[in-house]
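Protein chains: 2
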Amino acid sequence: MSKCEQCIIREFSSLKSLSKEELLSISGCKTSKFIKKGETIFEEGDTLNGVYCVKDGICKLSKLSANGKDQIVKLVVKGDLLGQRSLISDEAVNLSAVALNNMEVCFIPKAEIFGNLKNNSDFSMDMLKQMAHDLKESDNVVVNMAQKSVKQRLAEALIYIHNSFGLNNQGFLNVVLSREDYASVVGTATESAIRVLSQFKKENLISTSGKQIKIEDLEGLKRVE
Amino acid sequence: MSKCEQCIIREFSSLKSLSKEELLSISGCKTSKFIKKGETIFEEGDTLNGVYCVKDGICKLSKLSANGKDQIVKLVVKGDLLGQRSLISDEAVNLSAVALNNMEVCFIPKAEIFGNLKNNSDFSMDMLKQMAHDLKESDNVVVNMAQKSVKQRLAEALIYIHNSFGLNNQGFLNVVLSREDYASVVGTATESAIRVLSQFKKENLISTSGKQIKIEDLEGLKRVE
DNA sequence: ACTAAAACATGACAAATATCATATCAAAAT
DNA sequence: ATTTTGATATGATATTTGTCATGTTTTAGT
Numbered sequence: 011m012s013k014c015e016q017c018i019i020r021e022f023s024s025l026k027s028l029s030k031e032e033l034l035s036i037s038g039c040k041t042s043k044f045i046k047k048g049e050t051i052f053e054e055g056d057t058l059n060g061v062y063c064v065k066d067g068i069c070k071l072s073k074l075s076a077n078g079k080d081q082i083v084k085l086v087v088k089g090d091l092l093g094q095r096s097l098i099s100d101e102a103v104n105l106s107a108v109a110l111n112n113m114e115v116c117f118i119p120k121a122e123i124f125g126n127l128k129n130n131s132d133f134s135m136d137m138l139k140q141m142a143h144d145l146k147e148s149d150n151v152v153v154n155m156a157q158k159s160v161k162q163r164l165a166e167a168l169i170y171i172h173n174s175f176g177l178n179n180q181g182f183l184n185v186v187l188s189r190e191d192y193a194s195v196v197g198t199a200t201e202s203a204i205r206v207l208s209q210f211k212k213e214n215l216i217s218t219s220g221k222q223i224k225i226e227d228l229e230g231l232k233r234v235e
Numbered sequence: 011m012s013k014c015e016q017c018i019i020r021e022f023s024s025l026k027s028l029s030k031e032e033l034l035s036i037s038g039c040k041t042s043k044f045i046k047k048g049e050t051i052f053e054e055g056d057t058l059n060g061v062y063c064v065k066d067g068i069c070k071l072s073k074l075s076a077n078g079k080d081q082i083v084k085l086v087v088k089g090d091l092l093g094q095r096s097l098i099s100d101e102a103v104n105l106s107a108v109a110l111n112n113m114e115v116c117f118i119p120k121a122e123i124f125g126n127l128k129n130n131s132d133f134s135m136d137m138l139k140q141m142a143h144d145l146k147e148s149d150n151v152v153v154n155m156a157q158k159s160v161k162q163r164l165a166e167a168l169i170y171i172h173n174s175f176g177l178n179n180q181g182f183l184n185v186v187l188s189r190e191d192y193a194s195v196v197g198t199a200t201e202s203a204i205r206v207l208s209q210f211k212k213e214n215l216i217s218t219s220g221k222q223i224k225i226e227d228l229e230g231l232k233r234v235e
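Residue numbers (this note's numbering), protein chains in the order written: chain A, 11 to 235; chain B, 11 to 235.
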């Protein structure tokens, strides 16, 4: 758990193009930080002097809208970096990051990132690719938000979570969100999210056990209109 | 108009970090291409083997949603590049680009871009910064789409166009969009966009002359709820 | 200038979604 | 174990937005 070069995360993350020597030089990475469920890693407007690499756990990236409601923009998992966008733009962070379960992250100082961006073109390229991928995703979300119904968006959110984060040993979705969080992913009122989930239950598309959700009919969910 | 090194656009674009020699090597850039209003530069799903640098004119980047409606994701102007995201991700283009007025663009082949990404870290950094900026914008649009009313979104679209693209000599917005395009920016039905614009007119927030729109009360538009 | 086509406009109504109220349930605290 | 709090659930209703119909105006083509 101690050295970056040994970290299993390395091969999945944008850091994969860093050499052993480069990783060793990332001194701040030697110690990982544990973050409890519900804790805030950083908040909209904060200034970061480095990025976080997620070793374990899941967090949400969200933004507070003028109407006082939070909008979840992205879910971040093992292997992802947090705060790169802000670091590269050299501006305050645009989104808040809050842990959805217990997390382990390690901090990589700004200077290390910029040094590698300057000297390792493979690393720059990986960063660019990651950013390009995020941009495509974000554009697609814009289209979905603008053009699809709440029901469709919620169905797609469930499918997305199913495909990206998998299931636990009992077949429930690995990512457990409150109804309020689902509303905040989909961009609707909490009551609406609850109603739609109830409807999905009635139609046997999903089943629930407390906060846990199991997808019973993936194909059915895909057909939701 | 012929050589990249002389092009005024150069200093505004992501290409500003390329040296004179690097620009000279961009052979394909020697000839610029003229695109008429309404013409398509590329379509969703196309494979690009280079990027376009916009020398003049404005175009829309849009995506077709499953419901058959187009969603405009971004407006692109002088100095911007088109197709970088797709090129970097090495995948088909995610958005269609259609000229909103007569345009002049020049084409830069893929190999040139990648060569420079590999060898010129300032260029890579500029690309990264541009992408980071686009990502922030896109995330913000997601939040607006999800949390704001059609009226608010349309008011903000007008303000955005006012601030980003300016006015012509008679004080009308420089970018002229059809009502359908406004609907497509805001993510609503054409009739709804028309209705809201009519309402803005009645409230003396804007005035119109044919397709042209003049903002009469910018502060009032900002206060729209 | 005339015609056809497209864009704009508006009413009437339907559907989707938000809001408010209230009830139930589950988790946490004492 | 009991209380308290927060999350989930659902009904009733208001508001927003979409759809369809239809008329008018503008634009483009001959």
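Yeah, the Cβ is synthetic: ideal placement off N, Cα and C, and Gly gets one too.
Please read all numbers here as calculations on a predicted model, not as lab measurements.
Reducing DSSP to helix, strand and coil, say where residue i ends up.
i	result
B:I45	strand
A:E114	strand
B:F182	coil
B:V196	helix
A:V108	strand
A:K88	coil
Locate the beta strand (DSSP E) running through residue i, then write down its first and last residues.
i	result
B:G60	60-66
B:S208	Here B:S208 belongs to no beta strand (DSSP E); instead the alpha helix (DSSP H) covers 200-212.
B:I174	First, the residue type needs correcting, since residue 174 of chain B is Ser and not Ile in the sequence shown. Counting along the chain, B:S174 falls outside any beta strand (DSSP E), though it belongs to the alpha helix (DSSP H) covering 160-175.
A:K146	Careful: A:K146 lies outside any beta strand (DSSP E), inside the alpha helix (DSSP H) at 131-157.
Using the beta-carbon of each residue, which ones in chain B are nearer than 8 Å to residue i?
i	result
A:R5	Residue 5 of chain A is absent from the structure shown; chain A starts at 11 and stops at 235.
A:S99	K139, A142, H143, K146
For the alpha helix (DSSP H) holding residue i, just list the boundary residues, first then last.
i	result
B:T50	Careful: B:T50 lies outside any alpha helix (DSSP H), inside the beta strand (DSSP E) at 50-52.
A:R95	94-99
For residue i, list the residues DSSP reports as bridge partners.
i	result
B:D80	B:L74
A:T57	Note: A:T57 sits in no beta bridge, so no partner.
B:S217	B:K224
Given that residue i touches chain A, what residues does it touch there, using C-beta distances under 7 Å?
i	result
B:R95	A142, L145, K146
Since residue i meets chain B, which of its residues come closer than 7 Å, beta carbon to beta carbon?
i	result
A:K79	Q157
Closer than 9 Å by beta-carbon distance: list the chain B residues that pair up with residue i, in chain order.
i	result
A:S75	V153, N154, A156, Q157, K158
A:G197	V152, V153, M155, A156, Q157
A:L127	S131, S134, M135, L138
Drop a sphere of 10 angstroms on the beta-carbon of residue i, count the other beta-carbons inside from all chains shown, and report buried for 16 or more, exposed for fewer.
i	result
B:R57	The identity of residue 57 of chain B in the sequence shown is Thr, whereas the question assumes Arg. It counts as exposed.
A:F117	buried
A:F52	buried
A:T50	exposed
B:F44	exposed
A:A163	Residue identity check: residue 163 of chain A is Arg in the sequence provided, not Ala. Burial call: buried.
A:D80	buried
A:N104	buried
B:A109	buried
A:R233	exposed
A:A165	buried
B:T218	exposed
A:N77	exposed
B:G48	exposed
A:K221	exposed
B:E229	exposed
A:N126	buried
B:G176	exposed
A:N129	exposed
Would you mind telling me which residues of chain A sit closer than 8 Å to residue i, beta carbon to beta carbon, in chain order?
i	result
B:V83	D149, V152, V153
B:N104	K146, D149, N150
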